[in-house]
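>
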Amino acid sequence: MISNQILQNTIDGLKNIGRVELAVMDIDGKEIASTDDMKDCAARCAEFAKSPAESQEVSGHQYFKIYDEYQLEYILVVQGTGDTAYMIGKMSAFQIQSLLVAYKERFDKDNFVKNLLLDNLLLVDIYSRSKKLHMQFEQRRTVLLIQADNGREINMLELTKTGFGASQREFITAVDEKDVIILKDLTDNETNAEIDRYATSVVRYLTKEGARNVRISYGSSVGEIKDVSRSYKEAKMALDVGRIFFEEKDVIAYSQLGIGRLIYQLPIPLCKMFIREIFGGRSMDDFDEETLTTINKFFENSLNVSETSRQLFIHRNTLVYRLDKLQKTTGLDLRVFEDAITFRIALMVVKYMKYMEKMD
């Protein structure tokens, strides 16, 4: 259904072109939009709606029927008589009829994409409805998921549509109140780096328009429309995992999650058991800030002692002393690759557990 505001804008524009007054009524004669007061035509509209005629001229006004899939939806009233008023009325009725078709297709497409993302459709339905809506079945696509911390202060869906909804390569919708989704068509050679740049431009635009803490994730590219739901599920996981392990990134791809993707799927009891095995009765909170900074910097520099000590502005022997002290406490020597991997995973597991506790 077209909004009353859209109808009002349409007949305002038609009036400027045709230089005649117009009104759109429902089949009961109730005025929906008008360029002039035509309430006197209400009774005639109701009578005309029941008649078999498609158009009619009565008391200085032209009346036209507008249908939505063979069902009478509106009555268009044009002030004036003669061929000119009739022609303007026919053209205006055709314009509103075309709007009805376009908006209905838009609504159907939005409904189809939502059910597609949520995996609510059978394969035969996906094929038939995508064909009806002129969406290619075989087309490379990805799903981008957008979240921000504005709550209801900003309509993120409308804001995103305003900035990026004009392109034929993107379809923008939402499946709930907090997530905006862009279903993006990709060229055959479009890379993740190019998708990253596109997502970054979306973040910058939304931030400029007042959105706070905008984050975007996206799933793997898929070649057929039936697999779009998989890309959506991957984007959802990427958004969650990104918040845990990639806090500094506002754009994250499913393909960039690495081991974080595996840890995210571990049950909490198993995580607790693993941490007890690694650290005994100790908690990560028992490590002081200096030790944690040393550990993180050591990992950032790929276990390179010289580079880590340089960046920490400490003597090499001081760093070795700290690593030896950590080995005595945990039994893990971070200079040994296998121990370093174990410790690194343990740090990520602890981070994941803390995040889940906060969510609960």
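Take the sequence shown: its position 183, counted from the start at 1, is 195 in this note's numbering, and no numbers get skipped.
C-beta: ideal position from N, C-alpha, C; glycine also.
Remember, predicted model here, so these are calculated numbers, not experimental data.
1. Where does R224 sit, in a helix, a strand or coil, going by DSSP?
2. Spell out a yes or no on whether the region 305-321 and the region 352-363 are touching, meaning 3 or more CB-CB pairs, one atom from each, closer than 8 Å.
3. Helix or strand or just coil, what does DSSP make of G235?
4. Start and end of the beta strand (DSSP E) containing S140?
5. Going by beta carbon distance, what residues of the same chain come within less than 8 Å of Y217, once the five residues before and after it are set aside?
6. So is D120 buried or exposed if we call it buried at 16+ other beta carbons inside 10 Å?
7. Among R356, G270, A54, which one has its Cα closest to the Cα of Y86?
8. When DSSP labels each residue in this structure, what does A114 get in the three-state scheme?
9. Using only alpha-carbon positions, find the residue among I138, D300, A358, L129 that is nearest to E289.
10. Give, in chain order, every unbroken run of the alpha helix (DSSP H) that is at least 4 residues long and sits entirely within the region 152-206.
11. Using the C-alpha atoms, what's the distance from A65 back to L88?
12. What are the uninterrupted segments assigned as beta strand (DSSP E) that are 3 or more residues long and contained completely in the region 272-312, given in chain order?
13. If S241 sits next to L129, beta carbons under 8 Å apart, how far is it from one beta carbon to the other, in whole angstroms?
14. Compute the beta-carbon to beta-carbon distance between Y230 and D252, rounded to the nearest angstrom, for a pair I have assumed lies under 8 Å.
15. Would you kindly check if the distance between the Cβ of E221 and the Cβ of L171 is under 8 Å?
16. Taking the alpha carbon of M285 as the reference point, which residue from V361, Q20, N201, R273 has its own alpha carbon closest?
17. Helix, strand or coil: which one does DSSP assign to M50?
18. Check whether the region 362-370 touches the region 253-265, counting contact only when three or more Cβ pairs, one atom from each stretch, lie closer than 8 Å.
19. Could you say which of E43, F310, G343 lies nearest to L19 if we only look at CA atoms?
20. Do V263 and D2 have their beta-carbon atoms positioned less than 8 Å apart in this structure?
21. Where do the ends of the alpha helix (DSSP H) carrying E319 lie?
22. On the criterion of 16 or more Cβ atoms from any shown chain inside 10 Å, does V2 qualify as buried, or is it exposed?
23. Return yes when the Cβ of S267 is within less than 8 Å of the Cβ of S213, no when it is not.
24. Suppose you measure from the CA of D298 to the CA of M249; what does that come to, to the nearest Å?
25. Within this structure, are the beta carbons of I228 and I158 separated by less than 8 Å?
From the atom records:
1. coil
2. yes
3. strand
4. Looking at the DSSP string, S140 is not in any beta strand (DSSP E); the run it does join, the alpha helix (DSSP H), is 135-144.
5. G175, F176
6. exposed
7. A54
8. helix
9. A358
10. 168-176
11. 13 Å
12. none
13. 6 Å
14. 14 Å between Cβ atoms; not a contact.
15. yes
16. V361
17. coil
18. yes
19. E43
20. Shown here, the chain extends from 13 to 372; a query on residue 2 therefore has no answer.
21. 317-324
22. Summary: the structure shown does not reach residue 2, with the chain confined to residues 13 through 372, and so no result is reported for it.
23. no
24. 31 Å
25. yes
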